[in-house]
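Reviewing the structure listed below.
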Ligand code: HEM
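Numbering (the working numbering), first residue to last: 524 to 936.
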C-alpha cells in the first residue's frame with residue numbers, strides 16, 4: 524500500500540500544486556476547518572492558479588485535481604469511463620435530502636478531510652459518528668412516513684373505488700413522481716422496495732429543491748443590483764402578461780426569452796452546484812499531465828464560469844452574453860451549471876421552467892432592490908451554493924398606481 528502511495532506521489536509530482544503537502548496527511552493541515560471557509564480557500568486557489576491548466580491537492584493519501592479550464596473539464600465530462608461519483612458522495616449518500624443543514628454539511632466536510640474517519644465502523648466509535656447516525660435516522664423516518672402515508676392513501680382509494688370521497692390521486696396520464704415509483708414494476712412484476720423508493724425520493728428532494736431555491740434567490744439578488752436589467756425583464760413581463768393576474772402558462776414561459784438569459788447568467792455567476800466530483804477509475808492525461816487512477820477530479824463551475832477568455836469582465840452580470848449571437852463559438856464546456864455528458868442533470872429543463880415560473884410571478888408584482896455587496900453574502904459551497912448571511916432584499920409593489928413599499932427588507936436564505 525505504501526509503495527503504491529509513493530508511486531502515485533511520484534507520478535503526480537509534476538502537476539502544479541499548493542505548497543506544504545506532507546506525506547500521508549497531504550494538504551489536510553492546510554485546509555480550513557469548515558465548509559464555508561474551505562470553499563473560499565478553494566476559490567482563492569483557483570484564482571491564483573488561473574493561468575495554470577489545473578491544480579493538485581492531496582486530501583490525506585488521496586490525490587485530487589481541481590479543474591476550472593473548459594478544455595480539461597471536457598476531457599473528464601465527455602469520458603464514458605470516468606463516470607463514477609467521487610468518494611465524497613459516499614459520505615453524502617445517506618444524507619441526501621438534508622442539504623439544508625449546515626450541521627450536516629460540516630460533518631461531511633470534516634469526515635472528508637480526515638482519512639481516519641473514512642471507515643464506517645471506526646467513525647461510529649466517535650461521538651460525531653454516533654450523532655451523524657442519529658440525525659440520519661430522523662431524516663429517513665420523515666421520508667418513510669411520507670411514503671407510507673401515500674401507500675395508505677392509495678390503499679384506501681382502492682378500497683373505496685367508485686366512491687366520490689377520498690384523496691385525489693394522480694391520473695395514469697400524469698402520474699406524480701412518488702405515485703410512479705410506488706406503482707412501477709420490472710419484467711417479473713416486482714415492485715421497488717420501500718428502501719429503494721426512499722433513496723429515489725431523497726435524491727430528487729436534494730437535487731431538485733435546494734438547487735432551484737439557491738438559483739432563484741441569487742437571481743433576485745442580482746436583479747436587485749442591476750435595475751437596468753430588471754427594467755428589461757419587467758418590459759418583457761408587461762408584454763406577455765399586461766396587467767393581468769392570470770396564472771403563467773407553458774406558452775408564456777416560451778415567450779420569456781430575456782428572463783431566460785437572466786437565469787443563465789445568474790447560473791454562471793452563482794452556480795447552485797459550485798463544485799462536483801468524479802473518481803477517476805483509470806489513468807488518464809489532463810493538459811499533458813499524467814493523472815493516476817483513483818484520483819478525485821473536482822470540477823468547479825464557480826471558477827470555470829469566471830474564465831475571462833470566455834466571459835470578459837467575469838464578475839459583471841451581463842445576460843446579453845447568452846444571446847445566441849454572442850454565445851456562438853464559445854467553448855461548450857466553459858459553462859456547465861448542470862454538468863454535462865453521461866451524468867448530467869436530468870432535471871435541467873424542469874429547473875429552468877420552475878425558475879421562470881417563480882421569478883415571473885414575483886417580478887410581475889414586485890420591484891426588487893438589494894443592498895448587500897457580494898462579499899457580504901458569506902457565500903459557501905457546502906453542497907449547494909449558499910449565502911450564509913441570507914440575502915436581504917426590499918420588495919416594492921409594481922403595477923399599482925402608488926409605488927408602495929411592501930416590506931423594509933426580506934431575508935432569503
Ligand atoms: C438550478 C437547478 C439545478 C442545478 C443547477 C442542478 C445541477 C446539477 C448538477 C451539476 C448535477 C451533477 C452533479 C454531479 O455530477 O455530481 C446534477 C445532477 C442531478 N440532478 Fe440536477 N440541478 C438542478 C435541478 C434539478 C432538478 C429540479 C432535479 C429533479 C427534479 C434534478 C435532478 C438531478 C438528478 C437526479 C441528478 C443526478 C444525475 C446522475 O447522477 O446521473 N436537478 N444536477
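The beta-carbon is built from N, C-alpha and C at its ideal position, and this holds for glycine as well.
Computed from a predicted model, the values in this text were never measured in an experiment.
Extent of the continuous beta strand (DSSP E) run through residue i
i	result
residue 720	Run containing residue 720: none in the beta strand (DSSP E); it sits in the alpha helix (DSSP H), 717-728.
residue 893	889-893
residue 1002	No statement about residue 1002 is possible, as the shown extent of the chain runs from 524 to 936 and does not include it.
residue 896	Looking at the DSSP string, residue 896 is not in any beta strand (DSSP E), and its letter there is neither H nor E.
residue 820	819-822
Terminal residues of the alpha helix (DSSP H) in which residue i lies
i	result
residue 800	Per DSSP, residue 800 belongs to no alpha helix (DSSP H); it is in the beta strand (DSSP E), 799-802.
residue 541	Premise fails: residue 541 is in no alpha helix (DSSP H) and is neither H nor E.
residue 937	The structure shown has nothing for residue 937, since the chain only spans 524 to 936.
residue 786	780-792
residue 659	650-682
residue 917	Note, residue 917: premise wrong, no alpha helix (DSSP H); beta strand (DSSP E) at 914-920.
residue 530	525-535
residue 569	558-571
residue 646	643-646
residue 598	593-600
residue 839	Unbroken run through residue 839: none, as it is neither H nor E.
residue 849	847-850
Between the CA atoms of residue j and residue i - distance to the nearest angstrom
i	j	result
residue 727	residue 876	16 Å
residue 874	residue 898	27 Å
residue 724	residue 656	19 Å
residue 868	residue 857	16 Å
residue 779	residue 734	21 Å
residue 640	residue 803	22 Å
residue 572	residue 578	7 Å
residue 669	residue 677	12 Å
residue 744	residue 892	8 Å
residue 552	residue 582	9 Å
residue 545	residue 835	38 Å
residue 621	residue 731	Here residue 621 scores only 38 on pLDDT, less than 50, and its place in the model is too uncertain to base an answer on.
residue 788	residue 683	51 Å
residue 527	residue 585	12 Å
residue 912	residue 580	29 Å
residue 749	residue 843	13 Å
residue 540	residue 859	24 Å
residue 721	residue 738	26 Å
residue 819	residue 917	42 Å
residue 815	residue 807	7 Å
residue 642	residue 652	10 Å
residue 713	residue 659	28 Å
residue 616	residue 663	Low per-residue confidence applies at residue 616: pLDDT is 49, beneath 50, and the placement is therefore not dependable enough to give any value.
residue 771	residue 885	12 Å
residue 718	residue 736	27 Å
residue 797	residue 839	18 Å
residue 903	residue 637	20 Å
residue 824	residue 756	26 Å
residue 817	residue 542	22 Å
residue 906	residue 562	10 Å
residue 896	residue 747	11 Å
residue 919	residue 854	39 Å
residue 529	residue 537	14 Å
residue 826	residue 570	8 Å
Reference residue i; option with closest CA among the options
i	options	result
residue 568	586, 584, 552 and 591	591
residue 881	660, 543 and 782	782
residue 785	559, 883, 565 and 542	883
residue 862	532, 791 and 587	791
residue 741	914, 672, 709 and 767	914
residue 866	541, 825 and 601	601
residue 535	811, 800, 706 and 650	811
residue 776	872, 595, 598 and 594	872
residue 575	854, 589 and 562	589
residue 566	830, 920, 850 and 849	830
residue 888	751, 841 and 758	758
residue 674	661, 706 and 698	706
residue 547	557, 524 and 596	524
Residues that residue i bridges to, as DSSP identifies them
i	result
residue 904	908
residue 579	540 and 588
residue 809	812
residue 708	714
residue 731	According to DSSP, residue 731 bridges with nothing at all.
residue 765	Residue 765 is not bridged to any residue.
residue 549	545 and 582
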